[in-house]
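So that you can map any letter, position 209 of the sequence shown is 212 in the numbering used here, and since no number is skipped, the others follow by simple counting. Just so it is clear, CB atoms sit at the ideal spot from N, CA and C, and this is done for glycine as well. Bear in mind the structure is a predicted one, so any value in this text is a computation, not a measurement.
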Amino acid sequence: MAYRSPAAQYAARHPSVVSMLMKSFSKDKKLLGSLALAFAGIGVYTAKEFASTEVRETIKQWYQPPTKKTSRGKLSDASGKPVVKKSSGAAIDKRFLNRLLFILKILLPTWRSKEVMLLLTQSAVLVSRSLLSLRMARLGGDGLKAVLDKNAKLFGIVLTDFFVTGLAASVVNSALKYLTNSITVAFRQRLTTYVHDMYLVDNSYYKAAVLRLGNLDNADQRIVEDLNQFCGTLSDLIGRTFKPALDVVLSSHRMSVNMGWKGLAILYTYFVTGGALLRKLSPPFASYI
Numbered sequence: 004m005a006y007r008s009p010a011a012q013y014a015a016r017h018p019s020v021v022s023m024l025m026k027s028f029s030k031d032k033k034l035l036g037s038l039a040l041a042f043a044g045i046g047v048y049t050a051k052e053f054a055s056t057e058v059r060e061t062i063k064q065w066y067q068p069p070t071k072k073t074s075r076g077k078l079s080d081a082s083g084k085p086v087v088k089k090s091s092g093a094a095i096d097k098r099f100l101n102r103l104l105f106i107l108k109i110l111l112p113t114w115r116s117k118e119v120m121l122l123l124t125q126s127a128v129l130v131s132r133s134l135l136s137l138r139m140a141r142l143g144g145d146g147l148k149a150v151l152d153k154n155a156k157l158f159g160i161v162l163t164d165f166f167v168t169g170l171a172a173s174v175v176n177s178a179l180k181y182l183t184n185s186i187t188v189a190f191r192q193r194l195t196t197y198v199h200d201m202y203l204v205d206n207s208y209y210k211a212a213v214l215r216l217g218n219l220d221n222a223d224q225r226i227v228e229d230l231n232q233f234c235g236t237l238s239d240l241i242g243r244t245f246k247p248a249l250d251v252v253l254s255s256h257r258m259s260v261n262m263g264w265k266g267l268a269i270l271y272t273y274f275v276t277g278g279a280l281l282r283k284l285s286p287p288f289a290s291y292i
């Protein structure tokens with residue numbers, strides 16, 4: 004048997020906080036894998052952007068003529084004509100889906116495009132964020148257990164682990180915001196280039212601005228402002244729709260491990276039935292306002 008010094012024997016009996024934290028994180032292989040994929044994608048994208056020799060003007064501040072009020076207090080564009088706001092509700096029908104599919108084909112031309120890589124990296128970051136949320140919830144329970152057991156050392160370890168996990172979550176949140184802005188810029192660049200190519204061919208500018216064909220008003224404002232808002236909303240919508248669904252799947256899996264699929268089914272049945280009964284029996288409060 005190999006000789007170990009008293010210091011080594013003490014370290015084996017009383018592991019340090021750092022070693023226990025590393026052991027705790029090493030067990031969470033899904034979290035480490037998703038973090039590695041996410042930051043590898045961010046690193047590749049950032050290195051590719053900085054290594055490019057082309058002049059990139061997609062992050063410039065687009066100019067938009069300020070609106071002014073007419074004598075009647077109505078908004079007008081740069082030519083002085085009043086801007087009429089149309090109050091028509093959006094309808095999600097077959098026509099809308101076909102138009103959205105047509106735009107998505109422009110934004111995502113191939114599976115190897117930069118936009119697809121950004122979306123996959125954003126998905127990895129969202130998975131990491133959900134796993135970090137589950138880890139923080141578990142640490143909250145471990146901290147409460149340490150308080151009830153009056154274990155000061157375990158409480159200190161849990162508190163340190165919670166601090167490190169919070170730092171990782173803040174970095175992931177910043178990375179998620181960075182990716183959302185990058186996707187917005189990439190979508191805007193590709194869509195604006197396509198619109199400009201279509202706008203400047205076959206006298207389309209003259210037909211839209213002078214002849215008013217197609218009932219298209221304020222074409223320049225639509226190209227500058229509406230495309231920017233659409234790309235920003237679309238890039239943010241992807242994360243906002245994928246994140247809740249991912250949270251439901253991961254939380255359901257974690258609860259099924261603790262309480263079994265039968266208990267999970269009973270829990271979801273209770274929530275769905277209770278929500279349906281409350282909606283059925285509740286008076287129309289909105290009409291009372």
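Proximity of the segment 157–164 to the segment 119–132 falls short of the contact definition, fewer than three beta-carbon pairs being nearer than 8 Å.
Taking a cut-off of 8 Å for Cβ pairs, the segment 227–235 and the segment 168–179 do not touch, as fewer than three such pairs fall below it. If you compare the alpha carbons of 182, 199 and 98 with that of residue 238, the shortest gap goes to 182. Per DSSP, reduced to three states, the secondary structure at residue 141 is helical.
One Cα belongs to residue 247, the other to residue 137, and the distance between them is close to 13 Å. The residue from 280, 221 and 135 with its alpha-carbon nearest to that of residue 167 is 135.
Taking residue 139 as reference, the option from 31, 191 and 111 with the minimal CA-CA separation is 31. From the listed residues 36, 42, 33 and 22, the smallest Cα separation to residue 174 is found for 42. Residue range 97–110 is occupied by the alpha helix (DSSP H) that includes residue 98. Residue 203 sits in coil when the DSSP states are folded into three classes, being neither helix nor strand. In this structure the segment 257–269 does not lie against the segment 197–206, because fewer than three pairs of beta carbons, one per stretch, are closer than 8 Å. For residue 34, same chain residues with a beta-carbon under 8 Å away, outside a window of 5 residues either side, are 28, 131, 134, 135 and 138 in chain order.
Note that the C-beta distance between residue 142 and residue 165 is below 8 Å.
Just so you know, the alpha carbons of residue 144 and residue 155 end up roughly 15 Å apart. Of the other Cβ atoms in all chains shown, 16 or more fall within 10 Å of the Cβ of residue 118; this residue is therefore buried.
Taken through DSSP and simplified to helix, strand or coil, residue 223 comes out as helix. The Cβ neighbour count for residue 193, taken over all protein chains shown within 10 Å, is at least 16; the residue is labelled buried.
In this structure residue 185 does not touch residue 110 by the C-beta definition: roughly 13 Å separates them, more than the 8 Å allowed. Distances from the CA of residue 190 to each of 224, 241, 255 and 171 were compared; the closest alpha carbon is that of 241. For residue 261, the uninterrupted alpha helix (DSSP H) run begins and ends at 230–284, by DSSP.
Within the same chain, and ignoring the five residues on either side of residue 149 in sequence, the residues whose Cβ sits closer than 7 Å to its Cβ are 157, 158 and 161. Distance from the CA atom of residue 100 to the CA atom of residue 108, rounded to whole angstroms, is 12 Å. Taking the C-beta atoms as reference points, residue 266 is found no nearer than 8 Å to residue 187. The Cβ-Cβ distance between residue 36 and residue 123 does not fall below 8 Å.
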